[in-house]
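Only one structure is covered here, and it is reproduced in the block below.
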Amino acid sequence: LNVSPFEGPEKLLEIWFAESADAVETIGTEQDGRKGLRLVPRQVWEDMLDIVKCKVLSVIEGRETDAYLLSE
Amino acid sequence: SSFFVSPHKLILKTCGTTLNLYGFPRILEIAAEHCNMRTVHRCFYSRKSFMFPERQLGPHREWVTEVEYLDKLFKGRSDPGLGTGAGYTVGKVNGDHWLLYVIGPEDTGSDNGSLHENISAPATSTPSSSPPDYTIEILMTKLGAPARRPFFYSEAEEGATRPTSHEQGAKTANELGIDAILPEGSTTLDSFAFEPCGYSANALVQHGAGEGYFTIHVTPEEGWSYASFECNVPFGSGLSHDATPREDGMPTLLELIQRVTAIFQPGNLSITLFVSSEGEVEPGGVAPIETAQRVFSRALGIKGYRRTDKINYEFGGYDLAFASFEKKHK
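For the record, the sequence lines run as chains R and L. The first sequence begins at 27 in my numbering and counts up one residue at a time. The second sequence begins at 600 in my numbering and counts up one residue at a time.
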């Protein structure tokens with residue numbers, strides 16, 4: 027079985043739009059503590075991830091962060 | 600691959616032949632349209648050298664084209680207060696190395712956000728305005744056969760109900776102690792087992808100073824085996840290399856490194872630790888990144904590893920400790 031190699035090493039992009047979450051102005055209503063980038067609908071992120079060639083497998087939502095598990 | 604969304608920052612970590620940087624322009628549009636966030640405050644882009652660079656697509660085939668892409672993207676914008684971007688190669692160019700592009704606030708009081716090599720960071724005492732920000736990444740290759748085996752999943756027995764990928768992932772996490780790297784009850788773990796092999800997990804971690812994360816990705820095939828562990832739970836007192844247990848039950852840096860490498864048994868590994876340089880250093884004390892380097896060596900030396908690179912960097916607002924190790928042959 028000729029298996030083509032898989033590139034495990036990841037590309038890691040980290041973008042900060044403010045020094046901290048506290049520095050994020052609240053726009054509109056804060057839904058259950060969510061604000062800033064966490065107010066962006068999941069579908070909008072999924073459309074962006076299509077460009078990257080990734081699909082969302084699952085999401086866990088914390089107090090401060092949403093963590094999306096993706097497949098290449 | 601993983602994607603973390605906080606109110607003020609995004610982390611996009613993608614493997615294989617994904618087009619990570621092509622998502623950047625769309626991310627900037629989304630931040631402006633949906634959140635009125637129109638200015639980038641800081642950006643890091645990093646990766647380990649690829650095993651198969653010729654298979655990469657778009658700008659990712661070569662580091663120089665990735666740097667050009669990022670430079671062009673930032674030059675085409677006006678982000679008030681943002682310095683200029685800089686790309687670096689860390690470690691051996693003729694071997695395993697790590698690549699970093701960084702752009703940050705220009706008035707950080709040192710070097711206009713540029714990164715410069717500093718073998719031993721000066722001991723300065725700066726008042727800590729906010730708890731220091733730590734991010735550690737352990738990138739591991741040549742995983743031991745016993746460590747790779749659990750990430751291959753055989754067909755379910757005839758008639759047996761097949762576990763879902765998440766159930767299989769959770770089972771693997773429990774069998775290998777991935778769900779015990781940090782104290783029980785502190786972590787929400789989302790695991791996924793890929794067919795026929797491979798594993799990914801995201802975890803959200805409640806700790807003394809708020810919420811952090813860790814993320815793990817495993818490619819278990821021999822020949823190109825790889826595992827990564829990334830975590831931003833602050834070490835604070837846990838940075839020091841004495842093994843005193845921490846009040847919040849979180850592992851010290853030394854314990855964390857030993858727990859992770861015991862699971863994956865790498866032949867080679869690199870560790871990067873970013874520490875926001877507001878971290879307190881008592882006058883005449885040792886800078887956090889120098890302490891970290893000592894902890895790296897202590898954690899791995901007694902486990903049969905030899906250090907092959909040690910490099911410290913300072914740049915605006917952050918210090919970086921980089922070290923690479925290889926398993927000593929018996």
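Think of the CB as a built atom: it goes at the ideal place given N, C-alpha and C, for glycine as much as any other residue.
Residues within the stretch 649-667 of chain L neighbouring chain R, beta-carbon criterion of under 7 Å: Those would be PHE649, MET650, PHE651, ARG654, HIS659, in chain order.
Quiz prompt | Chain-ordered chain R contacts of L/PRO606 [CB-CB under 7 Å] | solution = Under the 7 Å cutoff, chain R gives ALA47, VAL50, LYS61, GLY62, LEU63, ARG64.
Rounded to the nearest angstrom, what separates L/ALA886 and L/ARG893 at their Cα positions? Take the alpha-carbon of L/ALA886 and the one of L/ARG893: they are about 11 Å apart.
Tell me, please, whether the stretch 67-79 of chain R touches the stretch 660-670 of chain L by the rule of three or more beta-carbon pairs shorter than 8 Å. Pairwise C-beta distances place the stretch 67-79 of chain R out of contact with the stretch 660-670 of chain L, as fewer than three of them are shorter than 8 Å.
**Prompt:** Name the chain L residues whose beta carbon is nearer than 8 Å to that of R/ASP58?
**Reply:** Here the premise fails: no neighbours, minimum Cβ distance about 13 Å.
Please classify L/SER753 as buried or exposed, where buried requires at least 16 other C-beta atoms within 10 Å of its C-beta.
The residue in question, L/SER753, is exposed, as its Cβ has fewer than 16 Cβ neighbours within 10 Å.
Original post:
Name the chain R residues that come within less than 8 Å of L/THR616, Cβ to Cβ?
Top reply: Going along chain R in sequence order, the residues near L/THR616 (Cβ under 8 Å) are GLU33, LYS79, GLU98.
Any alpha helix (DSSP H) of 4 or more consecutive residues that is wholly inside the stretch 661-696 of chain L
DSSP runs (the alpha helix (DSSP H)) wholly in the stretch 661-696 of chain L: 662-674.
**Asked** By the criterion of Cβ-Cβ separation under 9 Å, what are the contact partners of L/SER923 in chain R?
**Response** Taking the beta carbon of L/SER923 as reference, no residue of chain R falls within 9 Å; the closest one sits roughly 14 Å away.
For L/ASP710, name the three-state secondary structure that DSSP assigns. Because L/ASP710 carries a pLDDT of 41, less than 50, the predicted location of this residue cannot be relied on, and no value is offered for it.
* Verify the CB distance criterion: does L/ILE626 have a CB-CB separation below 8 Å to chain B? => Note that chain B does not occur in the displayed structure, where the protein chains are R and L.
Item to complete: Can you say whether L/LEU833 is buried or exposed, counting buried as having 16 or more other CB atoms within 10 angstroms of its CB?
Response: According to the sequence as given, residue 833 of chain L is Pro; it is not Leu. A buried status is given to L/PRO833, since no fewer than 16 other beta-carbon atoms sit within 10 Å of its beta-carbon.
Taking the alpha-carbon of L/THR814 as reference, which of L/GLY822, L/THR787, L/SER824, L/TRP823 has the nearest alpha-carbon? Selected option, being the one with the closest Cα: L/THR787.
6 Å Cβ shell around L/ASP789 - same chain, five flanking residues per side excluded: Within the same chain, L/ASP789 has close Cβ partners ASN801.
For this session: Return no unless some Cβ of chain R is closer than 8 Å to the Cβ of L/LYS926.
Result: Residue-level contact by beta carbon fails for L/LYS926 and chain R, as no gap is shorter than 8 Å.
inquiry  = Mapping the DSSP letters down to three states, classify L/GLN805 as helix, strand or coil.
reply    = Strand at L/GLN805.
Beta-carbon spacing of R/CYS80, R/LEU95 below 8 Å:
In this structure, R/CYS80 keeps its C-beta atom at 8 Å or more from the C-beta atom of R/LEU95.
May I have a chain-ordered list of the beta strand (DSSP E) segments no shorter than 3 residues that lie completely inside the stretch 748-824 of chain L? Within the stretch 748-824 of chain L, the complete beta strand (DSSP E) runs of at least 3 residues are 786-792, 798-806, 809-818.
Checklist entry - Can a CB atom of chain L be found closer than 8 Å to the CB of R/THR91? => result In terms of beta-carbon proximity, R/THR91 lines the interface with chain L, with at least one pair separated by less than 8 Å.
Exercise for the section: Determine, using beta carbons only, whether L/GLU810 comes closer than 8 Å to chain R. Expected result: A Cβ of chain R is located within less than 8 Å of the beta carbon of L/GLU810.
Just to confirm the assignment, what range does the beta strand (DSSP E) spanning L/GLU913 have? Segment 904-914, the beta strand (DSSP E) holding L/GLU913.
Output the boundary residues of the alpha helix (DSSP H) element that contains L/ARG893. DSSP places L/ARG893 in the uninterrupted alpha helix (DSSP H) bounded by 887-900.
Check your understanding: Mind checking L/HIS806: buried by the 16 CB within 10 Å criterion, or exposed?
Key -> Buried: at least 16 other Cβ atoms inside 10 Å.
In whole angstroms, what is the alpha-carbon distance linking L/GLY758 and R/LEU83? Looking at the two C-alpha atoms, the distance is approximately 26 Å.
Q. From what residue to what residue does the beta strand (DSSP E) around R/ARG64 run?
A. Following the DSSP letters along the chain, one finds R/ARG64 in no beta strand (DSSP E), marked with neither H nor E.
### Message
At the level of alpha carbons, what is the spacing between L/GLU821 and L/GLY675?
### Response
Each residue's Cα considered, the two are about 43 Å apart.
By the three-class DSSP mapping on this structure, what secondary structure does L/SER724 have?
The predicted position of L/SER724 is uncertain, since its pLDDT is 32 and thus under 50; a value taken from the coordinates is nonetheless stated next. Residue state, collapsed to three classes: coil.
**Asked** So, L/LEU611 versus L/LEU656, is the Cβ gap smaller than 8 Å?
**Response** No, these two residues do not count as a Cβ contact at 8 Å.
L/LYS608 versus L/HIS928 - alpha carbon distance: Separation of L/LYS608 and L/HIS928 (C-alpha to C-alpha, rounded to the nearest whole angstrom) is 42 Å.
**Asked** Run through DSSP, which three-state label would L/PHE873 get?
**Response** Three-state DSSP puts L/PHE873 in a strand.
- Task: State buried or exposed for R/ILE41, treating a residue as buried only when at least 16 other CB atoms are found within 10 Å of its CB.
- Result: That one is buried.
- Query: Whose C-beta lies closer than 8 Å to the C-beta of L/HIS715 among residues of the same chain, with five residues either side of it excluded?
  - Reply: Bear in mind that the predicted position of L/HIS715 carries a pLDDT of just 42, short of 50, making it too unreliable to give a figure here.
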